[in-house]
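Residue 1 is where the sequence shown starts when you use the UniProt record's numbering, and the numbers rise one by one after that. Glycine included, C-beta positions come from ideal geometry on N, C-alpha and C. Keep in mind it's a predicted model, so treat the numbers as computed, not measured. So the structure is just underneath, and the comments pick up after that.
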Amino acid sequence: MVGFTNRMPHWLEALLGERFFNPCTIHETAKKNEKNIFCLDCCSSFCPQCLPLHRTHRLLQIRRYVYHDVVRVDDLEKLIDCSSVQSYTTNSAKVVFLNERTQSRPFRGSCNACRSCDRPLQDPYLFCSLSCKVKLLLRSEGGLARELRECEFLPLPSSCELDDGQLTPDSILESASATSSGSSAGGGGGAGARAIRSTAGTESLAQRRRSAAGRPSGPEVVNRRKKGVPTRSPLY
């Protein structure tokens, strides 16, 4: 976050530079003591046990998916425009990544990519994370100021105290723009799905026929007769 200090709102600088989900030093022995709530007024993070001290402040709950911090779009949109940041759907809510994610190799394709870090994106998004958008806007005069929004009141969801913010790898995390197409594909309407069903039906019919004929339903076994003990002709 070098170079952001004097050009960003203090809360935004602190949000993008904060390390979340570390244990709270005040409540080391308490359960659910990971710092997953960010206070815009104090510009710091805290755990759910510290919540009573910040009840009247503007608060954001930070969630995590595979070691990366994400925030719900509905909450972040009250502070800054996120329409150009690629969003994802998980647990029936849209989320965006806070910071840039490392890539194992540089992207060299011809499709859409993040304008800051070149990560592959789906159309029509321009950035892969909030941090990437902020970096690019800071290069243009007044670019970031046009994206910020005034927010006087930002409470936490009523279920925040029961939600630890952990989105496990088993959670569905897919592109929000591809949700509708993904659900139709899951319905089995494609030619590939029909071919799979047809093959499965043919195999099932063959098994039933073999069972009816008194043969095993598994792979056919070659019937080899066992040789008997040879007998000699009598000696005369």
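Should residue i and residue j be called a contact, given that it needs their Cβ atoms to be closer than 8 Å?
i       : j       : result
Arg-149 : Lys-78  : yes
Leu-130 : Val-96  : yes
Cys-47  : Cys-24  : yes
Glu-34  : Asn-22  : yes
Pro-157 : Gln-61  : yes
Leu-138 : Glu-147 : no
Gly-128 : Cys-151 : Looking at the sequence shown, residue 128 is not Gly but Cys. Going by C-beta atoms, Cys-128 is not nearer than 8 Å to Cys-151.
Tell me whether residue i is buried or exposed, calling it buried when 16 or more other Cβ atoms sit within 10 Å of its Cβ.
i       : result
Ile-80  : buried
Leu-59  : buried
Ala-191 : Because Ala-191 sits at a pLDDT of 43, beneath the cut-off of 50, its placement in the model cannot be relied upon, and the following sentence gives the value as read from the coordinates. Answer is exposed; the Cβ neighbour count stays below 16.
Gln-103 : exposed
Phe-153 : exposed
Arg-197 : Residue placement at Arg-197 is poorly supported in this model, since its pLDDT is 42, which falls under 50; the coordinates are not used for a value here.
Ser-87  : buried
Asp-74  : exposed
Ser-83  : exposed
Val-134 : buried
Asn-36  : buried
Asp-170 : Its pLDDT being 42, under 50, Asp-170 is placed unreliably by the model, and nothing is read from it.
Ser-116 : buried
Leu-53  : exposed
Glu-100 : buried
Val-66  : exposed
Ser-45  : buried
Under the DSSP definition of a beta bridge, which residues are partnered with residue i?
i       : result
Cys-39  : Ser-44, Leu-59
Ala-113 : Pro-120
Lys-94  : Thr-89
Phe-127 : Val-85
Leu-148 : Ile-80
Pro-157 : In DSSP, Pro-157 forms no bridge with anything.
Glu-34  : Pro-23
For my contact list, residue i and residue j are in at a C-beta cut-off of 8 Å; report their separation, rounded to the angstrom.
i           : j       : result
Cys-42      : His-57  : 7 Å
residue 237 : Cys-111 : The first residue shown for the chain is 1 and the last is 236, placing residue 237 beyond what the model contains.
Arg-64      : Val-71  : With 8 Å as the limit, Arg-64 and Val-71 do not qualify as a contact, their Cβ atoms being about 10 Å apart.
Asp-69      : Leu-98  : 5 Å
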